[in-house]
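Peer 1:
Residue numbers (the working numbering): 692 to 990.
(1) Kindly indicate which residue of 871, 844, 895, 793 has the alpha-carbon position closest to the one of residue 860.
(2) DSSP state of residue 900, grouped into three classes?
(3) Answer yes or no: do residue 778 and residue 762 have a C-beta to C-beta separation smaller than 8 Å?
(4) Go ahead and label residue 913 buried or exposed: buried means 16 or more other beta carbons lie within 10 angstroms of its beta carbon, across all protein chains shown.
(5) For residue 799, which residues of its own chain have a beta-carbon under 7 Å away from its beta-carbon, when the five flanking residues on both sides are left out?
(6) For residue 843, count neighbouring C-beta atoms within 10 Å of its own C-beta (all shown protein chains included) and say buried if the count is 16 or more, exposed if not.
(7) Quick one, which of 867, 882, 754 has its alpha-carbon nearest residue 874's?
(8) If you follow the alpha helix (DSSP H) that residue 746 is part of, which residue opens it and which one closes it?
(9) Rounded to the nearest angstrom, what separates residue 739 and residue 838 at their Cα positions?
(10) Just to confirm the assignment, what range does the beta strand (DSSP E) spanning residue 852 have?
(11) Write down the C-beta distance between residue 961 and residue 934 rounded to the nearest angstrom, noting that I regard them as a contact closer than 8 Å.
(12) For residue 776, which residues of its own chain have a beta-carbon under 6 Å away from its beta-carbon, when the five flanking residues on both sides are left out?
(13) What's the gap between the Cα of residue 973 and the Cα of residue 751?
(14) Only counting the same chain, and skipping five residues up and downstream in sequence, which positions put a Cβ closer than 7 Å to that of residue 899?
(15) Nearest to residue 879 by CA position, among 897, 903, 841, 810, is which residue?
(16) For residue 955, which residues from the same chain have a beta carbon less than 6 Å from its beta carbon, with the 5 sequence-adjacent residues on both sides left out?
(17) Just how far apart, CA to CA, sit residue 884 and residue 908?
(18) In three-state DSSP terms, what is residue 859?
(19) Give the straight-line distance between the Cα atoms of residue 901 and residue 785, rounded to the nearest whole angstrom.
(20) Return the first residue and the last residue of the beta strand (DSSP E) that residue 878 is part of.
(21) Among 808, 980, 823, 825, whose alpha-carbon lies nearest the alpha-carbon of residue 817?
(22) Could you tell me if residue 771 is buried or exposed, where buried requires 16 or more neighbouring beta carbons within 10 angstroms of its beta carbon?
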């Protein structure tokens, strides 16, 4: 029997429990449709070839690449305690090699991303896993017949590993191709695909969890104030393995142009980190983020 005091909260708990145990393929499609519908029907771009060239010249050589953040949280699909709760942080930057256009109107740059999982609620504050991801990349803008920016393509040679040895060693290499574009007035998308190599010694079944592609969609709900982002990744096989990661960014500062946000993240799936890539997770975390500005060309 359920007491009267629990009647109000029981349905919500049941819903959360059911969602956190759903298969990735059950969640991915409806979430993708909802995200796309958030955009408007306008596909207008706002920057031409000359404006892009001038913008690149004004970019600092050293800048943010992906989001830089520190967030902490708890699982939704298991008991909450010091062993299951943790913090996750990421440091990511890029260095432009030259602002001068190379052959094919391309640009060359280096990137480095480091992601760590930190058991800050344990007595000795141990790090659970640290992932290192350097790359060298070449980017090329694409324009329509009116010289208006359509999208930005990148090809990169990447390495990712956790710096461990023996049975805890995880590593892989890949050639990655990606394309970013505006799909609606306030919505941008990045599609990424990779050709992996050098991964079978440490983690031969990695692709079953991480797949070969990734889709990242971001919608600006309130300009410079509120964003919604969703990332979808499907494992190689036709089963439930994969990832749905959703984020909400809120800028609490009076200066709306600030790149500092409060971020709420829900990660559902596998391969959040390399060490435990086979483990399914449903983690809700919140914290501070310095948001990347790599989609700003499409605003």
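Where is the CB? At the ideal position from N, CA and C, for every residue including glycine.
Peer 2: The answer reads as follows:
(1) 895
(2) helix
(3) yes
(4) exposed
(5) 788, 789, 793, 829
(6) buried
(7) 882
(8) 740-749
(9) 5 Å
(10) 840-852
(11) 7 Å
(12) 765, 812
(13) 37 Å
(14) 926, 927, 928, 932
(15) 841
(16) 939, 977
(17) 15 Å
(18) helix
(19) 24 Å
(20) 878-888
(21) 808
(22) exposed
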